[in-house]
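Just so we're aligned: the sequence shown equals residues 88 to 280 in the numbering used here. Working notes for the structure below.
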Amino acid sequence: MKHTNIAIFVSGGGTNCENIIRYFQGSEKVNCVLVVSNKEDAMALTRAERLGVPTAVAPKAMLNDPDFMLPLLRRYEVEFIVLAGFLPIVPDFLLEAFPEGIVNIHPSLLPKFGGKGMWGHHVHEAVKAAGETETGMTVHWVSPVCDGGDIIAQFRCPIAPEDTADDIAEKEHQLEMLHYPRVIEEIVLKKEV
88 MKHTNIAIFV SGGGTNCENI IRYFQGSEKV NCVLVVSNKE DAMALTRAER LGVPTAVAPK
148 AMLNDPDFML PLLRRYEVEF IVLAGFLPIV PDFLLEAFPE GIVNIHPSLL PKFGGKGMWG
208 HHVHEAVKAA GETETGMTVH WVSPVCDGGD IIAQFRCPIA PEDTADDIAE KEHQLEMLHY
268 PRVIEEIVLK KEV
């Protein structure tokens, strides 16, 4: 059976990255072949290396250079890209090279609390400030518009009035850990049909 090779793009700690790699270890269908970070000190790179997944660092200039990125992804025969806490805007040439082949996760129920500057704790603080009674996570296709790609899946959780932004972040993160790898698998399997 053919594997689909995926690359995970990250910027930070990499708990989602590690969770995805572990989910697909031993899979007959999906193979995590590369982790790319725009930051050379991202903990996600260490997590990936510990799990035997090759890594690469692509600061902004390299990320935006098709003569660097495309050969890198070809070398590992990458067919699908997963963003897992990756902060830079994905360059257009990657969107063109991977049509309906790049997914992202957002820590709110888009279209609420999305767009430029809305990432990580900024989102959870905005959710709290708005007095929302629920939050969640969104998996969406990456498009040229920040957080503007079509929604693939959403998962919700309630928020109590006494919840802090940290509490909201933890509840939402649990949804990511539970659902993101499974949604990735469903998308990849549909693409293989």
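For each residue, glycine too, the CB sits at the ideal point set by N, CA and C. In this text the structure is predicted, and so the values were computed from the model without any measurement.
Between which residues of its own chain and residue i is the CB-CB distance below 7 Å, once the five residues before and five after are set aside?
| i | result |
| --- | --- |
| Pro231 | Asp179, Leu182 |
| Ala184 | Leu157 |
| Leu239 | The sequence given here places Ile at residue 239; Leu does not occur at that position. Hits under 7 Å: Val190, Val226, His227, Trp228, Val270, Ile274. |
| Val117 | His90, Thr91, Ile93, Phe111, Glu272, Val275 |
| Pro146 | Asn125 |
| Glu286 | Given that the chain is displayed from residue 88 to residue 280, the structure contains no residue 286 and the question cannot be resolved. |
Assuming residue i is part of the alpha helix (DSSP H), what are its boundary residues?
| i | result |
| --- | --- |
| Phe155 | 153 to 162 |
| Leu182 | 179 to 184 |
| Leu150 | 147 to 150 |
| Ala129 | Element bounds for Ala129: n/a, residue is neither H nor E. |
| Ile108 | 102 to 111 |
Note the first and the last residue of the continuous beta strand (DSSP E) segment covering residue i.
| i | result |
| --- | --- |
| Leu121 | 117 to 124 |
| Leu170 | 167 to 170 |
| Phe285 | Nothing about residue 285 can be reported from this structure: the residues present for the chain run from 88 to 280 only. |
For residue i and residue j, what's the separation of their Cα atoms in angstroms?
| i | j | result |
| --- | --- | --- |
| Thr91 | Val270 | 15 Å |
| Asp253 | Lys215 | 10 Å |
| Ala217 | Pro186 | 35 Å |
| Arg109 | Pro175 | 25 Å |
| Glu115 | Glu249 | 44 Å |
| Glu166 | Val97 | 17 Å |
| Glu212 | Gly202 | 15 Å |
| Glu105 | Ala171 | 10 Å |
| Glu127 | Val144 | 6 Å |
Rounded to whole angstroms, how far is the Cβ of residue i from the Cβ of residue j, which I believe are closer than 8 Å?
| i | j | result |
| --- | --- | --- |
| His193 | His227 | 7 Å |
In chain order, what residues of the same chain have a beta carbon less than 6 Å from the beta carbon of residue i, not counting five sequence neighbours either side?
| i | result |
| --- | --- |
| Pro141 | Leu121 |
| Ala135 | Val122, Thr142 |
Note down, one range per segment and in chain order, each beta strand (DSSP E) of at least 3 residues found wholly within the segment 215 to 266.
List check, beta strand (DSSP E) in window: 221 to 228, 238 to 245.
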